[in-house]
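Peer 1:
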């Protein structure tokens, strides 16, 4: 067996053996045939997302029931490729693409040369020429929802919450998103942008040079006496960079007395980097997450040494609807260990991880291989993490959650008792955060700082909280698992 036939055969077998839950072979084969038939009929395949996985099956289908189905599928490929004008490679790829389409929203076929997105982002920062902020439409123009650290806009005096009413003399309400972006970036005619700003009723006129903007992997600053670390993605060496920036901030005299770990907008990345980042706040060996799949050993992931900040330093983690996957793993673990209070809005809820398997001829099968469990025992695949203090933010861009995607996987019933811990912050501290969120600026960050200010008086109590260790059994670190919680 070789060529397109071998590729389809490999994808078929890998899916049946390695998908996170048993897959109905008949449904999988039907999707593959539909993919090939759609090529013949020159139409889009009609595949129902999520039709093939069977979380209700306790084990995978035995080989003697599957082999005849596979034989019939390969015979269908042979029959079609014999027709004039039909390309066997295209038929095989269409079959595999349709099969993955029947699995879940994240499984797919990648063509030769395609790589995991997190391996494409090794640099420490992203760069572009412009002003250095993010905005969203507002009744009076465009509201600033995020300022990049040390950006031209930040240096010119912008603050989060400002509303831009005029841009180079043009009423901002008349600008489309595309036109606004064009004016903001370096392709505009003038090097200096002139903006009229409404700041809580106060009219300002700010001039901002269009210049190089660097978006670092980790943004680090001090607000009052609270350290704020914003981790934008779990790309290569992100955990090490987070530790480096934390060490720099906490080496100052006087040292910050609390920490805000900002995971808003962090869509995830490499689980190995989440392990490294967890070591900043949890002791070595503390349970981070378990990768679970029917018929395969559990893969326990833990926080990694060296140890980081003292446990007496109170921590708040900021999350929003764009916090996903590996970022949710870290946030959930810190919450389950009683190490951090969660503030913001409900996270995205992606608690599954994809494996990348090479197919003949250079293609790659990306298929969901694991459900992720929190240290509490709960599944991460859900409607998202619920914050301890819900505060609406300015930045959310994704209008939905994992559970609302067509064909989204639902985990099996809970496989063990879920143990919930109360948040480190008291009811009174959460109330202080809620009140602070009403002030001008970034409401979620303001709430976080207020909660930490309140918590400092009870910080020694945090020392008494013990971390949750991973279950007994061999612990396989990330190097043993070809997984990306992306």
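Numbering (this note's numbering), first residue to last: 214 to 699.
For glycine and all other residues, C-beta sits at the position ideal for the given N, C-alpha and C.
Since the model is a prediction, treat every value here as computed from it, not as a measurement.
1. Quick one: give me the first and last residue of the alpha helix (DSSP H) that residue 288 is part of.
2. What residues in its chain sit with their C-beta under 7 Å from that of residue 324, if we drop five residues either side in the sequence?
3. When you compare the CB positions of residue 580 and residue 231, do they come within less than 8 Å of one another, or not?
4. What are the start and end residues of each continuous alpha helix (DSSP H) run of 4 or more residues lying completely inside the segment 490–557, in chain order?
5. Less than 8 Å separating the beta-carbons of residue 348 and residue 355?
6. Let me know the secondary structure DSSP gives residue 314 once reduced to three states.
7. May I ask you to list the residues that DSSP assigns as paired with residue 424?
8. Pull up the DSSP beta-bridge partners for residue 209, would you.
9. For residue 457, collect the residues of the same chain with a Cβ closer than 6 Å to its Cβ; drop the 5 residues on either side in sequence, then sort them by chain order.
10. Give the single residue among 459, 531 and 497 whose Cα lies nearest to the Cα of residue 477.
11. I'd like to know whether the C-beta atoms of residue 604 and residue 439 end up nearer to each other than 8 Å.
12. Counting beta carbon pairs with one atom in the segment 215–222 and one in the segment 298–316, are three or more of them shorter than 8 Å?
13. Restricting to Cα atoms, I'd like to know which of 226, 375, 246 and 459 is closest to residue 293.
14. Return helix, strand or coil for residue 646, following the three-state DSSP convention.
15. Between the Cα of residue 351 and the Cα atoms of 370, 390 and 371, which residue gives the shortest distance?
16. Where do the ends of the alpha helix (DSSP H) carrying residue 250 lie?
17. What are the start and end residues of the alpha helix (DSSP H) that includes residue 231?
18. Assuming the contact rule is C-beta atoms closer than 8 Å, residue 598 and residue 665 should be a hit. Round their C-beta distance to whole Å, please.
19. For residue 431, tell me which candidate among 572, 455 and 221 has the shortest Cα-Cα distance.
20. Using 8 Å as the threshold, is the C-beta distance between residue 443 and residue 343 below it?
21. Shorter than 7 Å, the distance from the beta carbon of residue 602 to the closest heavy atom of the ligand MN, or not?
22. Between residue 451 and residue 486, which are expected to be in contact by the criterion C-beta below 8 Å, what is the C-beta distance as a whole number of angstroms?
23. Could you tell me whether the segment 551–567 touches the segment 635–651, where touching means 3 or more Cβ pairs closer than 8 Å?
24. Quick check on residue 707: buried or exposed, where buried means 16 or more other Cβ atoms within 10 Å of its Cβ?
25. Assuming residue 226 and residue 508 are in contact, meaning their beta carbons sit under 8 Å apart, how far apart are those beta carbons, in whole angstroms?
26. Rounded to whole angstroms, what's the CA-CA distance from residue 644 to residue 428? Just pull it up for me.
27. State the Cα-Cα distance for the pair residue 543 and residue 310, rounded to the nearest angstrom.
28. Give me the Cβ distance between residue 566 and residue 590, rounded to the nearest whole Å; I'm assuming they're in contact under 8 Å.
29. Going by DSSP in three states, residue 323 sits in which element: helix, strand or coil?
30. Among the candidates 248, 266 and 265, whose CA atom is the shortest distance from the CA of residue 258?
31. Are the Cβ atoms of residue 317 and residue 620 separated by less than 8 Å?
32. What is the rounded straight-line gap between the Cα of residue 295 and the Cα of residue 617?
33. Tell whether a beta-carbon distance below 8 Å holds between residue 384 and residue 396.
34. So, are the CB atoms of residue 299 and residue 222 less than 8 Å apart?
35. Please classify residue 631 as buried or exposed, where buried requires at least 16 other C-beta atoms within 10 Å of its C-beta.
36. Do you know offhand how far residue 420's Cα is from residue 655's?
Peer 2: With the given structure in hand:
1. That run of the alpha helix (DSSP H) goes 276–294.
2. 576
3. yes
4. 539–549
5. yes
6. helix
7. 343
8. Nothing about residue 209 can be reported from this structure: the residues present for the chain run from 214 to 699 only.
9. none
10. 531
11. At a Cβ-Cβ threshold of 8 Å, residue 604 and residue 439 do not count as neighbours.
12. yes
13. 246
14. Three-state DSSP puts residue 646 in a helix.
15. 390
16. 238–254
17. Residues 216–231.
18. Not quite, the Cβ-Cβ distance comes to about 19 Å (not below 8 Å), so this is no contact.
19. For residue 431, the nearest C-alpha among the options comes from 455.
20. No, they are not a contact pair.
21. Judged by which ligands are present, the structure shown has none, so any question about the ligand MN falls away.
22. Cβ-Cβ separation between residue 451 and residue 486: approximately 5 Å, consistent with a contact (criterion under 8 Å).
23. Yes, since at least three Cβ pairs between the segment 551–567 and the segment 635–651 fall closer than 8 Å, the two stretches touch.
24. In the structure displayed, the chain extends from 214 to 699; residue 707 sits before or after that span and is not available.
25. Rounded, the Cβ-Cβ distance is 14 Å, inconsistent with contact.
26. 33 Å
27. Taking the straight line joining both Cα atoms gives about 32 Å.
28. For residue 566 against residue 590, the beta-carbon gap comes to about 18 Å, at or over 8 Å, which does not count as contact.
29. Correct three-state label for residue 323: strand.
30. 248
31. yes
32. As the crow flies, the alpha-carbon of residue 295 is around 41 Å from that of residue 617.
33. The Cβ atoms of residue 384 and residue 396 lie no closer than 8 Å to each other.
34. no
35. exposed
36. 22 Å
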